[in-house]
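Chemist: The structure is given below, and queries will be raised subsequently.
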Amino acid sequence: MNIVAEVCANSAQSAIEAQKGGAVRVELCDNLEEGGTTPALSQIEFTRKNLNIQVNVIIRPRGGDFLYNDLEFEMMKRDIHHCGQAKCDGVVFGILNTDGTIDKLRNKELVEIAHQYGMSTTFHRAFDRCSDLNKSLEDIIELGCDRILTSGGMKTAPEGKDILRQLIEQANNRIIIMPGGGITENNIADLAKATGLKEFHGSFRSRYTGEMQYQSPIFDNFNEEYSILLSDAEKIKLAIENANKA
């Protein structure tokens, strides 16, 4: 079985580049600097329209922690309906209790809405903030999720490689453990060898100079305003190639 890549795409254009690079799936997100939030419906619709590969969408109403109030939870449910109506392949979410355990009631409700549309469900890196990873893994399997995106409870997947291997062994093919966080085309081979992963997740972005001819001298130190971060098809190709050499 070949090792496959899911690319965290910050726009419809990034998603198109991910497809060019050989990704089997994109996770469409906005505000990656905050860990990813739900993108605009137009981004979702145009990404779905322009891609042949799987499109998953993050369901996260804001940055910060993963404890949501009633208003935020209702927004998450509505966003899953929107994704289903837009013919997306899956949704990505995660809700915790105050004590760092999995909120089984609310997550189960989100899983059930997704399944109404035949969408897959991924529990995202809220998992890495759980108080007991092993117990949380069993809880997420019980919910009926298809995969967990995780760095092994560490800041990056390479740092969490030993825990990732243990989680993959514990999962025992009952759920996909998909490492993500700090993965690059340069470190994926070592991570694949150390963990036995079958899927991996990363943004693989490069900064491209924008086409503005006039650039205000007042903002000459703000290079980000005149450049764009996009998924890089060549980085993605190399990452997949290196992962499968491991």
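For the sequence shown, the positions run 0 to 245 when numbering that gives the first Met the number 0 is used. Note that the Cβ used here is the ideal one computed from N, Cα and C, for glycine as well.
Between LYS244, GLN212, MET177, which lies nearest to GLU224 when the distance is taken from Cα to Cα?
Modeler: Looking at the Cα atoms, GLN212 is the closest of the given residues.
Chemist: Hey, ILE52 and ALA22 are a contact pair by Cβ (cut 8 Å); roughly how many whole angstroms apart?
Modeler: At roughly 6 Å, the Cβ-Cβ gap stays under 8 Å, so ILE52 and ALA22 are in contact.
Chemist: Below 8 Å on the Cβ atoms is my contact criterion, and I expect ASN106 with LEU142 to pass it. Report the Cβ-Cβ distance as a whole number of Å.
Modeler: That belief holds up - the Cβ atoms of ASN106 and LEU142 are roughly 5 Å apart, short of 8 Å.
Chemist: Hey, LYS127 and ILE175 are a contact pair by Cβ (cut 8 Å); roughly how many whole angstroms apart?
Modeler: Lys is not the amino acid found at residue 127; the sequence shown has Asp there. So it is not a contact: roughly 16 Å between Cβ atoms.
Chemist: So HIS123 is in the alpha helix (DSSP H); what residue range does that whole segment cover?
Modeler: That residue, HIS123, is in no alpha helix (DSSP H); it is neither H nor E in DSSP.
Chemist: Select from LYS236, VAL56, PRO60 the residue whose C-alpha is nearest the C-alpha of GLY83.
Modeler: Closest option to GLY83, Cα to Cα, is VAL56.
Chemist: Could you name the residues that DSSP lists as bridge partners for CYS7?
Modeler: According to DSSP, CYS7 bridges with GLU26.
Chemist: With a threshold of 7 Å between beta-carbons, can PHE122 be considered close to chain B, or not?
Modeler: Here chain B cannot be found, since the structure has a single protein chain.
Chemist: Identify whether THR46 lies in helix, strand or coil by the three-state DSSP scheme.
Modeler: DSSP places THR46 in helix when its eight states are reduced to three.
Chemist: Can you give me the start and stop residues for the alpha helix (DSSP H) that GLY83 sits inside?
Modeler: First-last of the alpha helix (DSSP H) with GLY83: 69 to 84.
Chemist: Considering just the uninterrupted stretch of the beta strand (DSSP E) at THR194, what are its terminal residues?
Modeler: Note, THR194: premise wrong, no beta strand (DSSP E); alpha helix (DSSP H) at 187 to 194.
Chemist: What do you get for GLU5, buried or exposed, if any count of 16 or more other CB atoms within 10 angstroms of its CB means buried?
Modeler: Buried, by the Cβ-count rule.
Chemist: Under 8 Å Cβ to Cβ from HIS81, same chain only, skipping five residues before and after it: list those, please.
Modeler: Hits under 8 Å: LEU40, ILE43.
Chemist: Nearer than 6 Å: is that true of the beta carbon of GLU233 relative to any heavy atom of the ligand ZN?
Modeler: Inclusion of the ligand ZN in the displayed structure is not the case, the ligand content being empty and no account of it being possible.
Chemist: THR208 and GLY181: beta carbons closer than 7 Å?
Modeler: Result no, Cβ atoms of THR208 and GLY181 do not sit closer than 7 Å.
Chemist: Measuring CB to CB, does ILE235 end up less than 7 Å from PHE199?
Modeler: Going by C-beta atoms, ILE235 is not nearer than 7 Å to PHE199.
Chemist: What whole-angstrom Cβ distance do SER150 and GLY179 have, given they're in contact under 8 Å?
Modeler: The Cβ separation is near 6 Å, so the contact holds.
Chemist: Can you tell me where the beta strand (DSSP E) with LEU148 in it begins and where it stops?
Modeler: Per DSSP, LEU148 belongs to the beta strand (DSSP E) from 146 to 149.
Chemist: Give me whichever residues DSSP pairs with PRO178 in a beta bridge.
Modeler: PRO178 is bridged to THR149.
Chemist: Please state if the CB of ALA193 and the CB of ALA242 are separated by a distance shorter than 7 Å.
Modeler: No.
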